[in-house]
Every structure is written in C-alpha cells, then in structure tokens.
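**Student:**
This is the structure in structure tokens:
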C-alpha cells in the first residue's frame with residue numbers, strides 16, 4: 027500500500043468548521059472521507075490524531091494520510107519515450123505520442139502510456155498508481171493529465187464531470203472551413219460497429235464542439251484547414267465525428283475518412299492545451315503541448 031500525506035493550513039475563513047466539512051469543501055469525496063474514518067491516525071490535527079468532527083481554528087495544520095491501493099494487476103513497466111509537460115507531487119501532465127493507447131487492453135499489454143509511466147517511476151524508485159483523468163484516442167497526440175494520488179484523482183475527476191477542465195485541440199481537416207462555428211449534434215454508437223460512432227439524432231448523447239479556423243493550405247491539390255477546437259462535452263471520437271458531419275473530415279482518419287488524404291498516417295488531431303485548477307494548490311494551470319512534427323511538417 028502506498029501512502030501520501032497532504033498538509034493543509036487553516037486560515038481565518040475556515041475557523042469553526044469541523045474537519046470533515048473542511049475536507050469535503052476542499053474536494054474530498056464521501057468515499058475518501060469514509061476511508062479516512064475507518065483507518066486509525068489517518069487525520070492529524072497539529073500532529074495529534076483527531077476525530078473528523080473537531081472544529082478548526084486559524085493557524086491549525088491538518089495532515090491527511092491518504093491510503094493508496096495498489097492496482098490488482100501489476101503493470102508491466104516498459105521503456106517507451108513520452109514527453110513530460112508538467113510534474114509535481116500531485117499531478118503529472120504528459121505529452122502523449124501517437125500510436126500509444128492510454129490503458130492496457132487485449133493485444134496491448136506492454137505498449138501503453140500506463141506501461142511507459144510505470145517504467146518512468148520505477149527508474150525514480152517512486153511508488154506509482156496509474157490514474158488517467160482525460161482520455162485521448164490511441165493516435166491522438168498531446169496533453170493528458172495523470173493524478174499522482176487519490177485526492178488529486180478525486181478532485182480532477184469532479185472537475186471533468188463539471189466541465190471545468192477546458193481542452194483545446196488542433197486538427198488538420200479537408201476543405202476550407204468557416205471562420206468559426208459551433209457543432210451541436212448528438213453522437214451515438216454505430217449499429218454495425220463496436221468502435222465507430224455516428225450522428226444519432228434519436229438516441230445519441232448531446233455533443234457540442236466549438237471551432238475556429240486558424241489558416242488554410244494546400245495538400246495533394248486540395249484545400250485544407252488548420253482548425254482550433256474546444257470541447258464542451260467529451261463524447262468518444264467527438265471531434266472526428268463532428269468534423270466529418272460538417273463535411274470537413276480530419277486528414278489521415280482511416281475510420282471516418284478512408285478515401286481521403288492519408289497523410290500524416292493517423293488522424294491529424296492534437297490536444298494542444300489544458301486549462302484547469304490545480305487540485306491541491308488551487309492555482310490556475312495552463313499546460314500547452316507543441317504541435318507534433320508529423321502535423322507541423324504538413325503545414326510547412
């Protein structure tokens with residue numbers, strides 16, 4: 027079992043609030059609070075074990091010893107390169123390369139981001155439990171957040187549910203797109219495929235994508251556009267499905283644009299920016315990932 031200690035200094039604004047209420051307001055989930063209550067000495071008030079109903083005073087220091095369960099199946103650590111955009115004791119933001127799934131699955135037991143990050147922390151001789159907050163398709167590149175302990179995962183997952191993690195993407199698409207626009211079309215699973223999604227106006231879930239054209243260029247004699255996209259929702263393949271429905275499929279997207287331009291050999295989609303509140307320090311964070319070489323070379 028891995029354990030992580032969080033120390034919180036109490037200000038005048040929190041004076042008189044019971045520890046339980048203070049932790050809940052900070053972002054501890056009910057499940058996490060129950061775990062703390064069930065384990066002795068998980069909460070210290072000024073260095074002394076404390077009950078959760080004790081009221082706080084200005085200047086108090088609450089230390090919380092977080093339980094961290096090991097994954098039921100130990101990850102195979104694999105030396106696969108990936109970029110690090112930001113790292114501290116609470117979160118890790120990586121620059122995921124193309125061709126890398128984020129989770130192990132059938133046929134992908136040793137070549138995923140989880141395996142690569144496990145190897146990274148193994149070399150540092152630091153404990154590790156894999157918690158991925160936002161998701162990227164196997165061939166989509168760019169910024170992705172990992173939580174380094176249970177509390178960060180709890181708070182960041184809540185931010186995702188409340189749509190407080192703002193994601194910006196760059197895509198290369200076929201055709202000349204309008205200057206800007208919003209796509210509000212529901213997405214559902216295609217009946218004939220377990221992978222492919224489609225616009226489903228009857229049973230699909232609402233999906234909203236905002237886009238802005240940054241520039242146009244020529245590729246294989248065709249007009250193409252570099253588009254910036256902001257997700258209001260997070261449906262599977264949302265950008266790929268929405269841009270295809272708009273008549274501007276992504277370059278290289280063999281699933282939704284099999285007869286189109288094949289370069290760069292994958293869907294030309296990159297998670298270029300993440301804006302969110304740091305789960306522990308509460309600072310505003312903006313993490314950017316540079317455009318990968320395969321997309322950048324097409325623009326050149």
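Numbering (my numbering), first residue to last: 27 to 326. Just so you know, even glycine gets a beta-carbon here, dropped at the ideal spot from N, CA and C. Treat the numbers as computed from the prediction; the structure is a model and nothing was measured.
1) Which residue marks the beginning of the alpha helix (DSSP H) containing residue 189, and which one marks its end?
2) Take every Cβ of the stretch 299-306, pair it with every Cβ of the stretch 177-191, and state whether three or more of those distances are shorter than 8 Å.
3) Taking residue 188 as the reference, give the member of 268, 160, 76 with the closest Cα.
4) CB-CB under 8 Å to residue 39, same chain, minus the five flanking residues each way: which ones, in chain order?
5) When the Cα atoms are used, what is the spatial distance from residue 255 to residue 105?
6) How would you label residue 27, buried or exposed, when you count the other beta carbons within 10 angstroms and need 16 or more for buried?
7) Which partner residues of residue 236 appear in the DSSP bridge assignment?
8) According to the Cβ coordinates, are residue 273 and residue 287 closer than 9 Å?
9) Could you give the C-beta distance for residue 90 and residue 32, rounded to a whole number, given that I count them as a contact under 8 Å?
10) Please report how far the alpha carbon of residue 292 lies from the alpha carbon of residue 269, in whole angstroms.
11) Which of the three DSSP states is assigned to residue 55 in this structure?
12) Excluding the 5 residues flanking residue 123 on each side, which residues of the same chain have their C-beta closer than 8 Å to its C-beta?
13) Look at the Cβ atom of residue 139, then the Cβ atom of residue 111, and state whether they are nearer than 9 Å.
14) Under 6 Å Cβ to Cβ from residue 320, same chain only, skipping five residues before and after it: list those, please.
15) Please confirm if the stretch 243-259 is in contact with the stretch 200-218, defined as three or more CB-CB distances below 8 Å between the two stretches.
16) Taking Cβ positions, are residue 193 and residue 300 nearer each other than 9 Å?
17) Report the option in 78, 309, 229, 296 whose CA atom is closest to the CA atom of residue 322.
18) Candidates 281, 315, 240, 316: which alpha carbon is nearest residue 224's?
19) Helix, strand or coil: which one does DSSP assign to residue 127?
20) DSSP on residue 98, reduced to helix/strand/coil?
21) Could you check whether residue 58 and residue 92 sit closer than 9 Å to each other, using their CB atoms as the reference points?
22) Exposed or buried, residue 87, counting other C-beta atoms within 10 Å across all chains shown (16 or more means buried)?
23) Assign residue 314 to one of three DSSP states: helix, strand, or coil.
**Tutor:** Let me lay it out:
1) Element bounds for residue 189: n/a, residue is neither H nor E.
2) The stretch 299-306 is in contact with the stretch 177-191.
3) The shortest C-alpha separation from residue 188 is found at 160.
4) When the five nearest sequence neighbours on each side are left out, no beta carbon in the same chain lies closer than 8 Å to the beta carbon of residue 39.
5) Between the alpha carbons of residue 255 and residue 105 lies a gap of roughly 32 Å.
6) A caution first: residue 27 carries a pLDDT of 41, below 50, which makes its placement in the model unreliable, though a value can still be read off. Its Cβ having fewer than 16 others within 10 Å, residue 27 is exposed.
7) Note: residue 236 sits in a beta bridge opposite 208, 256.
8) Going by C-beta atoms, residue 273 is not nearer than 9 Å to residue 287.
9) With a contact defined as Cβ atoms closer than 8 Å, residue 90 and residue 32 qualify at about 5 Å.
10) Cα to Cα, the separation comes out at about 15 Å.
11) Under the three-state reduction of DSSP output, residue 55 falls in the coil class, being neither helix nor strand.
12) The answer, listed in chain order, is 107, 108, 109, 167, 318.
13) Cβ atoms of residue 139 and residue 111: not closer than 9 Å.
14) 290, listed in sequence order.
15) Between the stretch 243-259 and the stretch 200-218 there are three or more C-beta pairs closer than 8 Å, enough to call the two in contact.
16) Yes. Within cutoff.
17) Nearest C-alpha to residue 322: 296.
18) For residue 224, the nearest C-alpha among the options comes from 281.
19) Looking at residue 127 - three-state DSSP - the assignment turns out to be coil, as it is neither helix nor strand.
20) Low per-residue confidence applies at residue 98: pLDDT is 47, beneath 50, and the placement is therefore not dependable enough to give any value.
21) In this structure, residue 92 sits near residue 58, with a CB-CB distance shorter than 9 Å.
22) Residue 87 comes out exposed.
23) Strand at residue 314.
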